[in-house]
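These protein sequence lines are chains A and B, in that order.
Under numbering that gives the first Met the number 0, the residue at position 109 of the first sequence is numbered 108, and the numbers go up by one with no gaps.
Under numbering that gives the first Met the number 0, the residue at position 151 of the second sequence is numbered 150, and the numbers go up by one with no gaps.
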Amino acid sequence: MSIARKKRFIETVAKIFMWAAMFIVFGFVISVLWTIFSKGCKAMSWDMITKLPGGGFYIGKEGGFLNAIVGSLYIVGASTVLGLLISIPVVFFLNVYLTKDSKLAYVARMAFDVLFGVPSIVYGAFGFTIMIYFGLRTSLLGGIIVITLLIIPIFIRTMDEATRNFPRDILDASFALGATRWETLKVVVRQIAPGIATATLLSIGRAIGDAASVMFAAGYTDSIPTSLSQPAATLPLAVFFQLSSPIPEVVDRAYAAALVLTIIVFVLSICGRFITNRFSKNKV
Amino acid sequence: MIEIKNLNIHIKDNHILKDVNVTFPEKQITCIIGPSGCGKTTLLRTLNRLIDSVEGVRMDGQVLVDGQDIIHSGAEITELRRKIGLVSQRPCPLPMSIFDNVAYGCRINKMFKNRRQLIYHVQKNLKAVGLLEEVKGRIRTPAARLSIGQQQRLCLARSLAVQPDYILADEATSALDPISAKTVEDLFVKLKADYSIIMVTHTLRQALRIADNVVFMYLGEVVETGPANQVFNNPQHELTQKYLTGAFS
């Protein structure tokens, strides 16, 4: 076989391999969406998203899972804000205050990598222990704290990756005008805004879909919490509880809850992309 | 005036600047020349203390800016940096609009209370670097969309906007095309009426064209310094002669 033919053959094989991989991934996404939509649409109704579970909801009678939708949005919204407030200064400290060869930065990054990989059930168990120690019961606050802890490593590692490629010249340009490190934060945030948006999307995806940690920390309730000390229902747990039911109508409602969960993530992704594009227009 | 006395800079175990003694006169252009790695940029970054961000740096000696020692006296670094503008080798616009780039320094230094004054000041500085007409109608668009030459002039306008007394230029034209480089070079000549300019350059012809004074450095030491005419036409030191004749670069 001539060299040219051999190269062409390898090129073709590589192309086929890439197409096949794309097809598998794409097919997987389509089949997940198809399953959720086809099964979820059967049980989906206006009542499902606007009403609280009535008596006998879990044996197929009237009501909806508004409690879980609101509970999930409360927990995700609050923990995302808290996570951002804690993570941005950490990322800034690692990349602007500490030097590239800093041992502290190295150890911190390694710790966040470990935390990134810790299963959510461990966060749940940790949160549960802390709550028992402080005499707290399962509550919205507990859910918010545990989910914040869960997403902080995701926030930090994703934003850190975006910030590590940050052009150092920009920092010098800001310092050279008489800016302090703190004032320079504004410049850094503008430059890494797309990274922050990506980190936020990943974190929201993890936070809204996690059942294990909120089961311990937030509990489950059929009402909408009116204070931080009350338990809160979440969509993943609504899916979990209903999916294990022997009654077919209830199982379909689990898919309806999964559909709502998917639509929320989808809408947030689109909003995130829109915001990313808006902020990255000034990126250097 | 900036006066440097017995300045030694070590970075970790390396002795980068060795017993540097040099004076930068006011309202003139002083070009620092010398082969790569001789410490030109280190010297420049010492003047506004940007060298502080380098890990393991140690400084001895005196750097007197308007009579105040900026190394030992506990000088207010942010105020020092406001007083000494920097134009770096590669244009580095901040990730914001053209207007905000120039306004940024004014805002952090709280120079204006009135927004109208700020707008006027930004326009004045854009005009000073010949950019106002070119960006008319798109002053709120991202600075990153400007050409490289325009970006460098924007960086100069940004430095001028905080009303410095000195301008440091670190090979400010080396990344530009010849026309943009000429424009920036002409600007420096125009600006020396109001500012003291200290410029690191690799281009001897550029130093010959615009320098009033020249500092020649070699391996971290100042070998020769004096008026440009004298250094270029009648160099006193053998190393300077060799460098100017291209024996090494």
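Glycine residues also receive a C-beta, built at the ideal position from the N, C-alpha and C atoms.
Enclosing beta strand (DSSP E) for residue i [first to last residue]
i, result
"residue 195 (chain B)", "195-199"
"residue 162 (chain A)", "No beta strand (DSSP E) holds residue 162 (chain A); the alpha helix (DSSP H) holding it covers 139-163."
"residue 212 (chain B)", "212-217"
"residue 164 (chain B)", "No beta strand (DSSP E) holds residue 164 (chain B); DSSP gives it neither H nor E."
"residue 124 (chain B)", "Note, residue 124 (chain B): premise wrong, no beta strand (DSSP E); alpha helix (DSSP H) at 114-127."
"residue 226 (chain B)", "220-226"
"residue 128 (chain A)", "Where residue 128 (chain A) is concerned, there is no enclosing beta strand (DSSP E), although the alpha helix (DSSP H) it sits in stretches over 119-132."
"residue 30 (chain B)", "28-32"
"residue 1 (chain B)", "1-10"
Cβ neighbours of residue i in the same chain (closer than 7 Å, five flanking residues each side left out)
i, result
"residue 223 (chain B)", "215, 230, 234, 235, 236 and 239"
"residue 127 (chain A)", "215 and 216"
"residue 90 (chain A)", "155, 158, 159 and 162"
"residue 111 (chain B)", "105, 117 and 120"
"residue 49 (chain A)", "63 and 65"
"residue 41 (chain B)", "8, 15, 16 and 50"
Rounded distance between the beta-carbons of residue j and residue i, thought under 8 Å
i, j, result
"residue 271 (chain A)", "residue 196 (chain A)", "5 Å"
"residue 122 (chain A)", "residue 149 (chain A)", "5 Å"
"residue 219 (chain B)", "residue 37 (chain B)", "7 Å"
"residue 221 (chain B)", "residue 64 (chain B)", "The pair is not a contact, with the Cβ atoms about 18 Å apart (cut-off 8 Å)."
"residue 98 (chain A)", "residue 77 (chain B)", "With a Cβ gap of about 20 Å, residue 98 (chain A) and residue 77 (chain B) do not count as contacting."
"residue 213 (chain A)", "residue 142 (chain A)", "5 Å"
"residue 199 (chain B)", "residue 31 (chain B)", "5 Å"
"residue 169 (chain A)", "residue 167 (chain B)", "Not quite, the Cβ-Cβ distance comes to about 17 Å (not below 8 Å), so this is no contact."
"residue 190 (chain B)", "residue 196 (chain B)", "7 Å"
"residue 227 (chain B)", "residue 210 (chain B)", "4 Å"
"residue 211 (chain A)", "residue 151 (chain A)", "With 8 Å as the limit, residue 211 (chain A) and residue 151 (chain A) do not qualify as a contact, their Cβ atoms being about 17 Å apart."
"residue 155 (chain B)", "residue 128 (chain B)", "5 Å"
"residue 206 (chain A)", "residue 30 (chain A)", "Residue 206 (chain A) to residue 30 (chain A), Cβ: 25 Å. No contact."
"residue 9 (chain A)", "residue 254 (chain A)", "Not quite, the Cβ-Cβ distance comes to about 45 Å (not below 8 Å), so this is no contact."
Proximity below 8 Å, CB of residue i to CB of residue j
i, j, result
"residue 217 (chain A)", "residue 147 (chain A)", "no"
"residue 159 (chain B)", "residue 97 (chain B)", "no"
"residue 101 (chain B)", "residue 176 (chain A)", "no"
"residue 114 (chain A)", "residue 74 (chain A)", "no"
"residue 169 (chain B)", "residue 43 (chain B)", "yes"
"residue 259 (chain A)", "residue 68 (chain A)", "yes"
"residue 154 (chain A)", "residue 83 (chain A)", "yes"
"residue 137 (chain B)", "residue 183 (chain B)", "no"
"residue 5 (chain B)", "residue 61 (chain B)", "yes"
"residue 143 (chain B)", "residue 281 (chain A)", "yes"
"residue 268 (chain A)", "residue 201 (chain A)", "no"
"residue 81 (chain B)", "residue 108 (chain B)", "yes"
"residue 208 (chain A)", "residue 235 (chain A)", "yes"
"residue 34 (chain B)", "residue 165 (chain B)", "no"
"residue 205 (chain B)", "residue 172 (chain B)", "yes"
"residue 87 (chain B)", "residue 112 (chain A)", "no"
"residue 238 (chain A)", "residue 256 (chain A)", "yes"
Residue i, enclosing alpha helix (DSSP H) - first and last residue
i, result
"residue 180 (chain A)", "180-190"
"residue 84 (chain A)", "65-91"
"residue 23 (chain B)", "Unbroken run through residue 23 (chain B) is the beta strand (DSSP E), 13-23; no alpha helix (DSSP H)."
"residue 98 (chain A)", "First-last for residue 98 (chain A): undefined, no H or E at that position."
"residue 235 (chain A)", "234-242"
"residue 61 (chain B)", "Where residue 61 (chain B) is concerned, there is no enclosing alpha helix (DSSP H), although the beta strand (DSSP E) it sits in stretches over 56-64."
"residue 274 (chain A)", "247-278"
"residue 84 (chain B)", "Segment 83-86 is the beta strand (DSSP E) holding residue 84 (chain B); no alpha helix (DSSP H) there."
"residue 105 (chain B)", "97-107"
"residue 51 (chain A)", "Premise fails: residue 51 (chain A) is in no alpha helix (DSSP H) and is neither H nor E."
"residue 5 (chain A)", "2-42"
"residue 50 (chain B)", "Careful: residue 50 (chain B) lies outside any alpha helix (DSSP H) and carries neither H nor E."
"residue 172 (chain A)", "167-174"
Sequence-distant residues of its chain with Cβ nearer than 8 Å to residue i (five each side left out)
i, result
"residue 147 (chain B)", "90, 174, 175, 176 and 179"
"residue 56 (chain B)", "8, 9, 10 and 50"
"residue 131 (chain B)", "122 and 125"
"residue 251 (chain A)", "38, 39, 41 and 42"
"residue 60 (chain A)", "53 and 54"
"residue 221 (chain A)", "51, 52, 56, 66 and 232"
Beta-carbon proximity list for residue i, same chain, < 6 Å, skipping 5 on both sides
i, result
"residue 70 (chain A)", "231, 232 and 233"
"residue 275 (chain A)", "193 and 196"
"residue 56 (chain A)", "62"
"residue 194 (chain B)", "166"
Is the stretch 181-195 of chain A close to the stretch 89-107 of chain A, with three or more CB pairs under 8 Å?
Yes, the stretch 181-195 of chain A is in contact with the stretch 89-107 of chain A.
Would you check if there are 3 or more beta carbon pairs closer than 8 Å linking the stretch 3-19 of chain A to the stretch 246-266 of chain A?
Output reads no: the stretch 246-266 of chain A does not touch the stretch 3-19 of chain A.
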